[in-house]
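2 protein chains.
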Amino acid sequence: MLYAVIMAGGSGTRLWPESRASRPKQLLCLEGTRSLLQATVDRLGNLVPPDRVLIATTRELAAAIQDQLSHLPRGAILAEPCPRNTAPCIGLAAIRIRRDDPEGTMLVLPADQIVAEAETFREAVRAAAALVDEDPRRLVTFGVRPGYPATGFGYIERGEPLGSAAASGAAAGVFRVRKFHEKPGPEKAQQYVASGSHYWNSGMFLWRAGTILDCLARYQPSVHAGLERIAGAAGSARFAEVLTREFDAMPRISIDYAVMEKAGEVVVVEAPFPWDDVGSWLALERHRPRDEDGNVLDAPRHLAINAQGTIVRSNDPHQVIVVAGVRDVVVVVTPDAILVADKHDERSMAAVTGELKKRGWEEYL
Amino acid sequence: MLYAVIMAGGSGTRLWPESRASRPKQLLCLEGTRSLLQATVDRLGNLVPPDRVLIATTRELAAAIQDQLSHLPRGAILAEPCPRNTAPCIGLAAIRIRRDDPEGTMLVLPADQIVAEAETFREAVRAAAALVDEDPRRLVTFGVRPGYPATGFGYIERGEPLGSAAASGAAAGVFRVRKFHEKPGPEKAQQYVASGSHYWNSGMFLWRAGTILDCLARYQPSVHAGLERIAGAAGSARFAEVLTREFDAMPRISIDYAVMEKAGEVVVVEAPFPWDDVGSWLALERHRPRDEDGNVLDAPRHLAINAQGTIVRSNDPHQVIVVAGVRDVVVVVTPDAILVADKHDERSMAAVTGELKKRGWEEYL
Numbered sequence: 005m006l007y008a009v010i011m012a013g014g015s016g017t018r019l020w021p022e023s024r025a026s027r028p029k030q031l032l033c034l035e036g037t038r039s040l041l042q043a044t045v046d047r048l049g050n051l052v053p054p055d056r057v058l059i060a061t062t063r064e065l066a067a068a069i070q071d072q073l074s075h076l077p078r079g080a081i082l083a084e085p086c087p088r089n090t091a092p093c094i095g096l097a098a099i100r101i102r103r104d105d106p107e108g109t110m111l112v113l114p115a116d117q118i119v120a121e122a123e124t125f126r127e128a129v130r131a132a133a134a135l136v137d138e139d140p141r142r143l144v145t146f147g148v149r150p151g152y153p154a155t156g157f158g159y160i161e162r163g164e165p166l167g168s169a170a171a172s173g174a175a176a177g178v179f180r181v182r183k184f185h186e187k188p189g190p191e192k193a194q195q196y197v198a199s200g201s202h203y204w205n206s207g208m209f210l211w212r213a214g215t216i217l218d219c220l221a222r223y224q225p226s227v228h229a230g231l232e233r234i235a236g237a238a239g240s241a242r243f244a245e246v247l248t249r250e251f252d253a254m255p256r257i258s259i260d261y262a263v264m265e266k267a268g269e270v271v272v273v274e275a276p277f278p279w280d281d282v283g284s285w286l287a288l289e290r291h292r293p294r295d296e297d298g299n300v301l302d303a304p305r306h307l308a309i310n311a312q313g314t315i316v317r318s319n320d321p322h323q324v325i326v327v328a329g330v331r332d333v334v335v336v337v338t339p340d341a342i343l344v345a346d347k348h349d350e351r352s353m354a355a356v357t358g359e360l361k362k363r364g365w366e367e368y369l
Numbered sequence: 005m006l007y008a009v010i011m012a013g014g015s016g017t018r019l020w021p022e023s024r025a026s027r028p029k030q031l032l033c034l035e036g037t038r039s040l041l042q043a044t045v046d047r048l049g050n051l052v053p054p055d056r057v058l059i060a061t062t063r064e065l066a067a068a069i070q071d072q073l074s075h076l077p078r079g080a081i082l083a084e085p086c087p088r089n090t091a092p093c094i095g096l097a098a099i100r101i102r103r104d105d106p107e108g109t110m111l112v113l114p115a116d117q118i119v120a121e122a123e124t125f126r127e128a129v130r131a132a133a134a135l136v137d138e139d140p141r142r143l144v145t146f147g148v149r150p151g152y153p154a155t156g157f158g159y160i161e162r163g164e165p166l167g168s169a170a171a172s173g174a175a176a177g178v179f180r181v182r183k184f185h186e187k188p189g190p191e192k193a194q195q196y197v198a199s200g201s202h203y204w205n206s207g208m209f210l211w212r213a214g215t216i217l218d219c220l221a222r223y224q225p226s227v228h229a230g231l232e233r234i235a236g237a238a239g240s241a242r243f244a245e246v247l248t249r250e251f252d253a254m255p256r257i258s259i260d261y262a263v264m265e266k267a268g269e270v271v272v273v274e275a276p277f278p279w280d281d282v283g284s285w286l287a288l289e290r291h292r293p294r295d296e297d298g299n300v301l302d303a304p305r306h307l308a309i310n311a312q313g314t315i316v317r318s319n320d321p322h323q324v325i326v327v328a329g330v331r332d333v334v335v336v337v338t339p340d341a342i343l344v345a346d347k348h349d350e351r352s353m354a355a356v357t358g359e360l361k362k363r364g365w366e367e368y369l
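Protein chains in written order, with the numbering used here: chain R, 5 to 369; chain L, 5 to 369.
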């Protein structure tokens, strides 16, 4: 059976000041009236029923997430005691699924991305599931055709096409993975895009719970041993204590580094759906209407005078926001913090939370 | 005796969103903890005692002005029934002064300018008063050496130096006025600045109350007749009614157009003090400290990251304002309105209030 594991523990700071430690990116509504997390669950449609959806997150965010996903059973939320990156997170979800269904297949999805064309997305997931049904040792990744030489994503270099029955049934291509590449510099990124054989690593995966646990046993034995001790305590009074102790002892390690870069049976399904990781406020331009001067005016009361390419964002129904004579500026207003930035200067925007911390202004984080 | 008449009826919209119809520029604190109006009164020092200071303003602003100038007697505020520009305003003050002191001299000052070096200012006023004592028919203007080819001011073209005893006592020059010029286009403004013989018209004047009334009688007989009817009703129960009726019937006309451009005995005292009409937010740069990147950060909580030449202005002690990667942007934050503008684009900033009006958003005006 197919399970969905949605990773919603991120504390993304790129969308500050709307994103905060207590309300990270995945909880924000960027497209419409549903948060990125809610939209990620919605997108599953009838592919995975609510009782097979798991949300992996931190203890701090569990309550806010339960609020947003009140239709899911309480047990759907896996609250990690501390952040340990994706490998321990996925491992924890895998032991939970294995307990319910030793043959269970898990679709792993980040909670903070925008994916359009839900039906195309589900088609791609079905194709991936067929690949795993055909050979349960397979690890499936989803590769996004790079739209520009991004330096903020890892890349997946594809090898030869997979000549299997399941692969030929997939709408887009399926390939063996030649190599995973970490986030490149600008020059390398150019080369990757020019090659035609490199995808952005979407961070979405599909595999059997048992298979990923076998891989962890092989490549990360100490992580695996910790997970098995947690699994052994499941259902007992000691569970919370064991989970906390074992998780605390685990290294912070991504699934890419822990397993994907080392494993053999890795394939990549080309993601034929529009995908956006919402890395900065610039993403609003791709998902909100623009006026004839290219301004995205996502605020109840706004006025643009001789302004071009601006992005204005606020929720206050009474405060008017006026942009005049400016170009390519992003203005984000919240009750206790305002950002005015060059929309293309992601480096400066990314530096904001660090600078606030330096000044001891933790209340804005 | 010397009286001061401070014209504080302006509804300047250039400093929106801080300046509003109910709190125009002259009531704002731009330099320190005193409003422009308060600073204008302070600047008089011992030149004019409080009981010879008159504040001309509108009925709407009278209460707010009394609040800011609580040390002045109630009668110090001359509330005009309706705005009629400077000629009727000055005429009204003149009949009031003439009643108390038929030989009274009046110093006329706009309330919304920044003048530095108060003692130098007072010296210039004393020099002007001496010129009027020497010849009571004189109308004295104060000319500011142009710092750049401004198109927002009228200009005063000087003639030959005044060879009088009083003039030779003045610290800076005193000249006959050859001609008043209205706000020029950019090319004309260049010529004026290059000539070395043109001053900015500061809008400050000094003359005998009787003399300016004589001039009004000669050049604007209908305005003068109205003023005399108001003067005739002074102290009677009919006064308010007569004032309203007569003021209402007067044309909107500036003292420059009504008298100065036509009169003969006009002299200009070169203003040797730093003068700023605070025409836009750009003025903050001239009166507030800048950081090493040229940012003026006039807000309780602010952070500039890779930002240059920005102007940030807010009073909220809890809200942090972050500028990141931007240049030459002005950010002004008030509880119900925010302006983000190119600090050099005065035209776009000046268009804001008109656009708000068009949309029916009167609450922000």
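Glycine is no exception: its CB is placed at the ideal position from the N, C-alpha and C atoms.
Every value quoted in this text rests on a predicted model; they were computed, and no experiment measured them.
Check                                                                                                                                                                                           : Outcome
Is there a Cβ from chain L that is less than 9 Å from the Cβ of R:Glu289?                                                                                                                       : no
Between which residues of its own chain and R:Ala120 is the CB-CB distance below 7 Å, once the five residues before and five after are set aside?                                               : Phe277 and Pro278
Please go through the same chain and pick out, in chain order, the residues whose beta-carbon is closer than 8 Å to the beta-carbon of L:Gly283, but skip the five residues on each side of it. : Arg18, Gly156 and Glu350
Just to confirm, are R:Trp211 and R:Val112 a CB contact at a threshold of 9 Å?                                                                                                                  : yes
Could you give the DSSP three-state label for L:Ala174: helix, strand or coil?                                                                                                                  : coil
Alpha carbon to alpha carbon, how far is L:Leu34 from L:Ala308? Give it in angstroms, no decimals.                                                                                              : 21 Å
Would you say L:Glu359 lies against chain R (beta-carbon separation less than 9 Å)?                                                                                                             : yes
I'd like the list of long-range same chain contacts for L:Ile216, defined as Cβ closer than 6 Å, with 5 residues on each side in sequence excluded.                                             : Ala98
Please return the same chain residues whose Cβ sits closer than 7 Å to the Cβ of R:Val330, not counting the five positions on each side in sequence.                                            : Ala311 and Thr314
Distance, Cα to Cα, R:Leu144 vs R:Val272?                                                                                                                                                       : Per the sequence presented here, residue 144 of chain R reads as Val, with Leu not at that position. For R:Val144 and R:Val272, the distance between alpha carbons rounds to 6 Å.
Distance check for L:Trp20 and R:Arg305, CA to CA, integer angstroms please.                                                                                                                    : 16 Å
Should R:His202 go down as buried or exposed, given a rule of 16 or more other Cβ atoms within 10 Å for buried?                                                                                 : buried
Tell me the residue span of the alpha helix (DSSP H) that contains R:His228.                                                                                                                    : Pro225 to Ala237
So if DSSP puts L:Phe184 in a beta bridge, which residue, or which two residues, is it bridged to?                                                                                              : L:Ile160
Between which two residues does the beta strand (DSSP E) holding L:Gly79 run?                                                                                                                   : That residue, L:Gly79, is in no beta strand (DSSP E); it is neither H nor E in DSSP.
I'd like the ranges of any alpha helix (DSSP H) spanning at least 4 consecutive residues and lying wholly in the segment 277-353 of chain L.                                                    : 288-291
Apart from the five residues just before and just after R:Tyr368, which ones in its own chain have a Cβ nearer than 6 Å to its Cβ?                                                              : Ala341 and Leu360
Excluding five sequence neighbours on each side, which residues of the same chain lie with their C-beta closer than 7 Å to the C-beta of L:Ala355?                                              : none
Using a cut-off of 8 Å between C-beta atoms, extract the partners of R:Ala25 located in chain L.                                                                                                : Near R:Ala25 there are no residues of chain L at all, since even the closest Cβ is about 15 Å away, more than 8 Å.
Roughly how many whole angstroms lie between the Cα atoms of L:Gly167 and L:Ile10?                                                                                                              : 30 Å
How would you label R:Ala169, buried or exposed, when you count the other beta carbons within 10 angstroms and need 16 or more for buried?                                                      : exposed
Taking Cβ positions, are L:Gly207 and L:Glu186 nearer each other than 9 Å?                                                                                                                      : no
Just to confirm the assignment, what range does the beta strand (DSSP E) spanning R:Ser206 have?                                                                                                : His202 to Arg212
What does R:Gln323 reach in chain L if we use C-beta pairs closer than 8 Å?                                                                                                                     : Pro339, Asp340, Ala341 and Ile342
If contact means a Cβ-Cβ distance below 9 Å, which residues of the segment 282-314 of chain L contact chain R?                                                                                  : Arg305, Leu307, Ile309, Asn310, Ala311 and Thr314
Hey, quick one: how far does the alpha helix (DSSP H) through L:Val408 stretch, first residue to last?                                                                                          : Past the edges of chain L, shown from 5 to 369, lies residue 408 of chain L, and the structure says nothing about it.
Return the chain-ordered ranges of every alpha helix (DSSP H) run that is complete within the segment 58-109 of chain L and spans a minimum of 4 residues.                                      : 66-72 and 90-104
With 9 Å as the threshold, decide whether the Cβ of R:Leu204 is near any Cβ in chain L.                                                                                                         : In the sequence as presented, Leu is not what sits at residue 204 of chain R; that position holds Trp. Not one chain L Cβ lies under 9 Å of R:Trp204.
Buried or exposed for L:His228, going by 16 or more other Cβ atoms inside 10 Å?                                                                                                                 : buried
Is the shortest distance between the beta-carbon of L:Arg100 and the beta-carbons of chain R less than 9 Å?                                                                                     : no
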